[in-house]
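Engineer:
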Amino acid sequence: MSEYIPANIEKYWQDTWEKEGLFSAKTDETKEKKYILSMFPYPSGALHMGHVMNYTINDVVARYYMMKGYNVMTPIGWDSFGLPAENAAIRLGIHPSENIETNIARMKDQMKMAGWGFDWKRELATSSEAYYQWTQELFLRFYEKGLVEKKDGTVNWCPSCETVLANEQVQDGSCERCGTTVSQRDLAQWYFLMSQYAQKLLDGHKNCNEWPERVIKMQKEWIGRSEGATIRFQVEGHDESVEIYTTRPDTLWGVTFMSMAPQHPLVETLAAHADDPDSVLGKVAEMRSLGTSEKELQAREKEGVFTGAYAINPVNGDRIPIYVGNFVLMNYGTGIVMAVPTHDQRDFEFSEKYGITRKIVIQPEDASESFTVANMTEAYTGDGVLVDSGPFTGQNNRHAMNDIISWFEEKGYGRREVNFRLRDWLLSRQRYWGCPIPMIHCPSCGTVPVPRKDLPVQLPENVEFQSGGDSPLAYCEDFVSVACPECGEAARRETDTMDTFVDSSWYYLRFCSAQCDDAPFHSDEVNYWGPVDIYIGGIEHATMHLIYVRFFAQVLNEMGVIDFTEPAKKLFTQGMVCSTAHYCTTHKWLHESDVKDGTCVHCGAVVTSEVTKMSKTKLNVVDPEDIISKYGADTMRMYILSDTPPVKDRIWSEEGVHGIYRFIKRYWAVVQDAIAHLMDPATPDEGASDAAIRYAAHYALEKSIASFEENWQFNTAIARAMELTTTIKKLTPKTGKRSLREAVSILVRTVAPIIPHASEELWQSLGETGSIFSASYPKVDPSALIQDEVTIVVQVNGKMRGKFTAAKDSAKTDLEKRAFEEPNVQKFTEGATVRKVIVIPNKIVNIVVS
Numbered sequence: 027m028s029e030y031i032p033a034n035i036e037k038y039w040q041d042t043w044e045k046e047g048l049f050s051a052k053t054d055e056t057k058e059k060k061y062i063l064s065m066f067p068y069p070s071g072a073l074h075m076g077h078v079m080n081y082t083i084n085d086v087v088a089r090y091y092m093m094k095g096y097n098v099m100t101p102i103g104w105d106s107f108g109l110p111a112e113n114a115a116i117r118l119g120i121h122p123s124e125n126i127e128t129n130i131a132r133m134k135d136q137m138k139m140a141g142w143g144f145d146w147k148r149e150l151a152t153s154s155e156a157y158y159q160w161t162q163e164l165f166l167r168f169y170e171k172g173l174v175e176k177k178d179g180t181v182n183w184c185p186s187c188e189t190v191l192a193n194e195q196v197q198d199g200s201c202e203r204c205g206t207t208v209s210q211r212d213l214a215q216w217y218f219l220m221s222q223y224a225q226k227l228l229d230g231h232k233n234c235n236e237w238p239e240r241v242i243k244m245q246k247e248w249i250g251r252s253e254g255a256t257i258r259f260q261v262e263g264h265d266e267s268v269e270i271y272t273t274r275p276d277t278l279w280g281v282t283f284m285s286m287a288p289q290h291p292l293v294e295t296l297a298a299h300a301d302d303p304d305s306v307l308g309k310v311a312e313m314r315s316l317g318t319s320e321k322e323l324q325a326r327e328k329e330g331v332f333t334g335a336y337a338i339n340p341v342n343g344d345r346i347p348i349y350v351g352n353f354v355l356m357n358y359g360t361g362i363v364m365a366v367p368t369h370d371q372r373d374f375e376f377s378e379k380y381g382i383t384r385k386i387v388i389q390p391e392d393a394s395e396s397f398t399v400a401n402m403t404e405a406y407t408g409d410g411v412l413v414d415s416g417p418f419t420g421q422n423n424r425h426a427m428n429d430i431i432s433w434f435e436e437k438g439y440g441r442r443e444v445n446f447r448l449r450d451w452l453l454s455r456q457r458y459w460g461c462p463i464p465m466i467h468c469p470s471c472g473t474v475p476v477p478r479k480d481l482p483v484q485l486p487e488n489v490e491f492q493s494g495g496d497s498p499l500a501y502c503e504d505f506v507s508v509a510c511p512e513c514g515e516a517a518r519r520e521t522d523t524m525d526t527f528v529d530s531s532w533y534y535l536r537f538c539s540a541q542c543d544d545a546p547f548h549s550d551e552v553n554y555w556g557p558v559d560i561y562i563g564g565i566e567h568a569t570m571h572l573i574y575v576r577f578f579a580q581v582l583n584e585m586g587v588i589d590f591t592e593p594a595k596k597l598f599t600q601g602m603v604c605s606t607a608h609y610c611t612t613h614k615w616l617h618e619s620d621v622k623d624g625t626c627v628h629c630g631a632v633v634t635s636e637v638t639k640m641s642k643t644k645l646n647v648v649d650p651e652d653i654i655s656k657y658g659a660d661t662m663r664m665y666i667l668s669d670t671p672p673v674k675d676r677i678w679s680e681e682g683v684h685g686i687y688r689f690i691k692r693y694w695a696v697v698q699d700a701i702a703h704l705m706d707p708a709t710p711d712e713g714a715s716d717a718a719i720r721y722a723a724h725y726a727l728e729k730s731i732a733s734f735e736e737n738w739q740f741n742t743a744i745a746r747a748m749e750l751t752t753t754i755k756k757l758t759p760k761t762g763k764r765s766l767r768e769a770v771s772i773l774v775r776t777v778a779p780i781i782p783h784a785s786e787e788l789w790q791s792l793g794e795t796g797s798i799f800s801a802s803y804p805k806v807d808p809s810a811l812i813q814d815e816v817t818i819v820v821q822v823n824g825k826m827r828g829k830f831t832a833a834k835d836s837a838k839t840d841l842e843k844r845a846f847e848e849p850n851v852q853k854f855t856e857g858a859t860v861r862k863v864i865v866i867p868n869k870i871v872n873i874v875v876s
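For what it's worth, my numbering labels the leading residue of the sequence shown as 27, then goes sequentially.
Laid out in structure tokens, this is it:
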């Protein structure tokens with residue numbers, strides 16, 4: 027019997043699969059297709075355990091469906107544009123492309139070491155001209171459809187990275203990547219007019235019924251559909267009026283102040299009314315320097331400054347003081363909000379802080395005389411009866427809502443409106459390493475698109491990385507200077523590059539036509555493979571990538587180039603891989619080896635330990651290559667899916683890894699022992715344990731199929747495979763050839779997607795020809811799951827004290843009698859008073875004693 031040595035078999039099978047083109051997908055109308063895709067990685071140069079979780083799930087599922095007879099495509103590529111690559115290249119003193127190529131080569135080798143099967147002939151990199159030529163083509167198609175616009179806007183600016191940041195990239199007022207304090211700038215930027223698709227993106231969720239509810243909920247909140255009214259307030263002493271959008275028009279009679287965003291265009295005009303305009307504008311400038319993500323606004327202490335100006339409430343003529351508030355978003359609604367302190371807690375706290383008047387306009391149905399402004403310690407946010415609300419006084423506020431809006435419209439005060447939180451997609455980036463925006467600025471013709479015959483607009487090789495806020499491309503005269511394609515006069519190229527999320531919004535389509543050189547993709551191939559059947563990636567992408575990729579699909583469907591409106595049928599969001607991180611107040615983050623008995627080995631201080639996501643900064647990462655070298659790829663693959671469903675976070679344990687390695691060695695030995703028994707001429711065709719081993723095999727198979735088809739709890743499939751391995755070891759001597767071969771074949775095929783190298787080798791040892799992944803996945807035989815005998819567990823006061831086998835469907839009285847005959851049960855019942863005996867047929871006898 028040969029010893030299990032991973033290094034002796036894994037490289038051989040990886041080379042064999044590649045040589046035989048096991049994962050090379052071709053269009054085949056005779057088979058049902060299965061397009062399985064994991065979100066492609068940024069080529070950092072090294073795989074981490076997050077990659078291992080993601081791509082192992084992908085590979086296991088792909089191999090399963092191959093064995094089920096599907097035409098499987100599982101491609102891979104590289105999200106290779108972006109700021110990290112540019113910064114790394116600057117640090118290393120090399121061109122980004124050189125760094126990216128090196129990193130891709132290393133990560134590709136690591137992926138093959140892990141045994142992940144990809145269709146490498148479809149490999150792509152978003153930074154290659156062969157790809158970004160078509161990103162530019164799609165940009166122009168969106169432009170021609172009226173979905174691209176360059177417009178002025180206030181944006182987050184990182185002075186260190188020297189580029190615009192999306193709100194989601196600002197954390198606590200700082201750049202999430204480098205930690206530099208973010209400022210606000212007014213810049214002309216390119217946008218996809220994605221807000222026009224807000225309702226369509228919401229409606230499309232009906233076609234996402236295999237997406238996690240959590241993702242759908244996050245997207246709905248992000249898109250943020252609301253129904254309400256837009257009301258116009260005249261500014262006192264000015265020709266200007268301001269409009270506010272509110273979802274609570276029933277509270278309009280209770281407005282006692284307004285708050286406008288620091289970026290609102292009227293701030294400077296209104297501040298002229300203040301006693302000290304310079305002081306007001308100084309505070310506004312401070313507010314403008316802060317981040318504007320909703321998360322930050324919610325966490326920030328609410329502050330404001332009075333502009334000195336007032337607006338007139340159209341419904342009652344009240345003078346409403348106008349403040350600038352650090353909690354108001356310019357890009358939601360109109361950038362100015364009305365405030366009703368008695369019925370909104372945030373407004374209540376703000377009014378208390380600044381001594382602003384309050385008015386009650388809704389009171390509970392059973393309100394007492396004590397329900398007054400003076401007695402309020404917090405806002406009343408419930409429903410009730412309208413008071414001091416003009417013609418609607420005495421009505422239920424919710425019931426009156428529709429009539430109130432209609433009344434506003436009749437009076438000319440405002441209009442009914444549906445609003446969305448979703449903003450247009452800011453795609454401009456002031457960096458070099460990105461897809462050039464194919465537009466030209468001409469003094470005579472204005473901004474015009476680059477002719478298609480001139481695509482791709484190539485990134486120049488020689489650029490200087492300078493500070494100043496412009497893209498490095500702006501300083502490359504050979505790139506910038508160009509003749510206008512309309513009039514031939516001297517013109518200048520656009521020097522911003524595209525947000526890398528543009529690249530990843532259509533890459534799944536390119537995989538379907540990866541070698542296509544006359545279009546972004548061929549519709550017939552895309553419509554055969556698409557949409558993606560199973561898409562795997564982290565939930566952190568719910569409100570960015572997964573919104574953008576849906577937007578692209580909606581637009582491309584309208585253009586008639588794809589038949590579907592949603593990019594993926596099923597979305598699976600895997601958990602994170604976590605491990606223990608250790609922190610010393612003196613020596614900061616420590617390696618595991620630097621901690622002994624809970625103290626720092628360098629200074630003896632007690633360390634703080636926490637289980638957290640693996641991070642290079644926290645020194646708690648595990649290198650996949652080290653695990654493969656020590657235990658083999660199969661062990662790493664099985665471990666990452668064991669113990670915990672993959673949708674949940676898992677805690678890394680070296681002891682757990684070693685346990686899986688011991689199991690695979692046992693599996694290897696048990697199968698080889700069984701094969702030897704099968705080859706022994708003395709082994710009969712039938713044996714005493716045939717029924718028992720067939721039951722164990724088909725039970726494990728049933729659970730394995732369920733883990734793929736129903737719940738993706740691969741840990742359950744692994745546990746059942748372990749049980750089956752133990753059963754085969756125990757029953758082999760008493761099992762006939764037919765049943766033993768069936769059980770071993772089922773075991774090897776059910777674990778093959780998870781531990782493919784060892785299983786492929788054992789499959790050959792069984793005398794089979796061809797890859798195990800070209801063989802069919804076994805089918806459950808229902809007759810094998812019918813048992814003549816069952817195991818009855820005996821409990822005394824709820825604790826198991828014995829078990830016995832009995833004929834299936836035995837009478838309760840017979841089971842009770844047998845239970846009391848068990849020697850160990852008698853130890854716990856002797857001398858005790860039996861209060862009750864509970865018999866669950868075919869399962870349990872529970873004896874209650876005192």
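For every residue, glycine included, the Cβ atom is placed at its ideal position computed from N, Cα and C.
Between the Cα of Asp41 and the Cα atoms of Ala832, Asn823, Cys513 and Ser797, which residue gives the shortest distance?
Structural biologist: Of the candidates Ala832, Asn823, Cys513 and Ser797, the one whose C-alpha sits nearest the C-alpha of Asp41 is Ser797.
Engineer: Rank Asp370, Thr661 and Gly254 by C-alpha distance to the C-alpha of Asp429 and give the top, closest one.
Structural biologist: Among Asp370, Thr661 and Gly254, the Cα nearest to that of Asp429 belongs to Gly254.
Engineer: Can you pull the DSSP bridge partners for Cys201?
Structural biologist: Per DSSP, Val196.
Engineer: Kindly indicate which three-state DSSP category Val306 falls into: helix, strand or coil?
Structural biologist: Residue state, collapsed to three classes: helix.
Engineer: When DSSP builds the beta bridges, which residues end up paired with Pro475?
Structural biologist: Answer by DSSP bridge pairing, in chain order: Met465.
Engineer: Alpha carbons only, please: which of His369, His571, Trp615 and His548 is nearest the one belonging to Gly586?
Structural biologist: If we check each option's Cα against that of Gly586, His548 comes out closest.
Engineer: Please report how far the alpha carbon of Val306 lies from the alpha carbon of Phe332, in whole angstroms.
Structural biologist: Between Val306 and Phe332, the C-alpha separation is close to 7 Å.
Engineer: Comparing alpha-carbon positions, which option in Ser285, Ala426, Thr398 and His299 lies nearest Tyr349?
Structural biologist: Among Ser285, Ala426, Thr398 and His299, the Cα nearest to that of Tyr349 belongs to Ser285.
Engineer: Measure the alpha-carbon distance for Trp789 versus Ser771 and round it to whole angstroms.
Structural biologist: Between Trp789 and Ser771, the C-alpha separation is close to 8 Å.
Engineer: What three-state label does DSSP hand Trp532 in the structure shown?
Structural biologist: In this structure, Trp532 counts as coil in the three-state DSSP scheme.
Engineer: DSSP puts Lys176 in a beta bridge; with which residues?
Structural biologist: Partner(s): Trp216.
Engineer: Going straight from the alpha carbon of Ser221 to that of Phe446, what length do you get?
Structural biologist: Their Cα atoms are separated by approximately 8 Å.
Engineer: Tell me the DSSP secondary structure of Glu46 in three-state form.
Structural biologist: Coil, per DSSP.
Engineer: Pop quiz: Tyr554 and Leu63 are said to be a contact at Cβ under 8 Å. What is the actual Cβ separation, rounded to whole angstroms?
Structural biologist: The pair is not a contact, with the Cβ atoms about 15 Å apart (cut-off 8 Å).
Engineer: Hey, Pro288 and Arg314: beta-carbon distance below 7 Å or not?
Structural biologist: Cβ atoms of Pro288 and Arg314: closer than 7 Å.
Engineer: Please list the segments of the beta strand (DSSP E) lying wholly inside the region 70 to 110, counting only runs of 3 or more residues, in order along the chain.
Structural biologist: Whole beta strand (DSSP E) segments, 3+ residues: 97 to 99.
Engineer: In terms of residues, what are the limits of the beta strand (DSSP E) holding Gln162?
Structural biologist: Careful: Gln162 lies outside any beta strand (DSSP E), inside the alpha helix (DSSP H) at Glu155 to Glu170.
Engineer: Do the region 674 to 694 and the region 777 to 796 make contact, defined as three or more Cβ pairs closer than 8 Å?
Structural biologist: Segments in contact, yes.
Engineer: Going by C-alpha to C-alpha distance, which of Gly71, Arg148, Arg258 and Tyr30 sits closest to Ser539?
Structural biologist: Minimum Cα distance to Ser539 is reached at Arg148.
Engineer: Let me check understanding here. Comparing Cα to Cα, which of Ser186, Val363 and Asp480 lies closest to Val354?
Structural biologist: The shortest Cα separation from Val354 among Ser186, Val363 and Asp480 belongs to Val363.
Engineer: Which residue comes first and which comes last in the alpha helix (DSSP H) that contains Glu786?
Structural biologist: Note, Glu786: alpha helix (DSSP H), Pro782 to Ser791.
Engineer: Can you check which of these residues, Arg167, Ala726, Thr634 and Ile346, is closest to Ala810 by C-alpha distance?
Structural biologist: If we check each option's Cα against that of Ala810, Ala726 comes out closest.
Engineer: So is Gln162 buried or exposed if we call it buried at 16+ other beta carbons inside 10 Å?
Structural biologist: The residue in question, Gln162, is buried, as its Cβ has 16 or more Cβ neighbours within 10 Å.
Engineer: Please confirm whether Gln821 has its beta-carbon closer than 7 Å to some beta-carbon of chain B.
Structural biologist: No chain B is part of this structure, which consists of one protein chain only.
Engineer: Under 8 Å: do the region 234 to 250 and the region 566 to 573 share three or more Cβ pairs, one atom per stretch?
Structural biologist: Result yes; three or more Cβ-Cβ pairs closer than 8 Å.
Engineer: Using CA coordinates, which residue listed in Ser209, Thr523, Tyr158 and Lys825 is at the minimum distance from Pro482?
Structural biologist: Out of Ser209, Thr523, Tyr158 and Lys825, Tyr158 has the C-alpha closest to the C-alpha of Pro482.
Engineer: Ignoring anything shorter than 4 residues, give me the alpha helix (DSSP H) runs that lie fully in the region 698 to 769, in order along the chain.
Structural biologist: Correct list: 716 to 732 and 740 to 757.
Engineer: Does the distance from the C-beta atom of Asp699 to that of Ser765 stay below 7 Å?
Structural biologist: Contact: no.
Engineer: Could you give the residue range of the beta strand (DSSP E) that holds Pro347?
Structural biologist: It spans Arg345 to Gly351 - the beta strand (DSSP E) in which Pro347 sits, taken as one unbroken run.
Engineer: Going by DSSP in three states, Asn182 sits in which element: helix, strand or coil?
Structural biologist: Strand at Asn182.
Engineer: How far does the alpha helix (DSSP H) with Ala845 in it extend, from its first residue to its last?
Structural biologist: From DSSP, the alpha helix (DSSP H) with Ala845 extends over Lys838 to Glu847.
Engineer: Measure how close the beta-carbons of Pro808 and Thr776 come, nearest whole angstrom, since I'm counting them as under 8 Å.
Structural biologist: Incorrect: roughly 17 Å between the Cβ atoms, too far for contact.
Engineer: For my contact list, Ile346 and Thr282 are in at a C-beta cut-off of 8 Å; report their separation, rounded to the angstrom.
Structural biologist: Contact flag correct, Cβ pair sits at about 7 Å.
Engineer: Quick check: the region 630 to 647 against the region 706 to 721, are there 3 or more CB pairs under 8 Å?
Structural biologist: Not touching, per the Cβ criterion.
Engineer: Kindly indicate which residue of Pro671, Pro672 and Ile666 has the alpha-carbon position closest to the one of Gly682.
Structural biologist: With distances taken between Cα atoms, Gly682 lies closest to Ile666.
Engineer: Could you tell me the distance, in whole angstroms, from the CA atom of Ser655 to the CA atom of Ala140?
Structural biologist: Using only the alpha carbons, I get a separation of about 10 Å.
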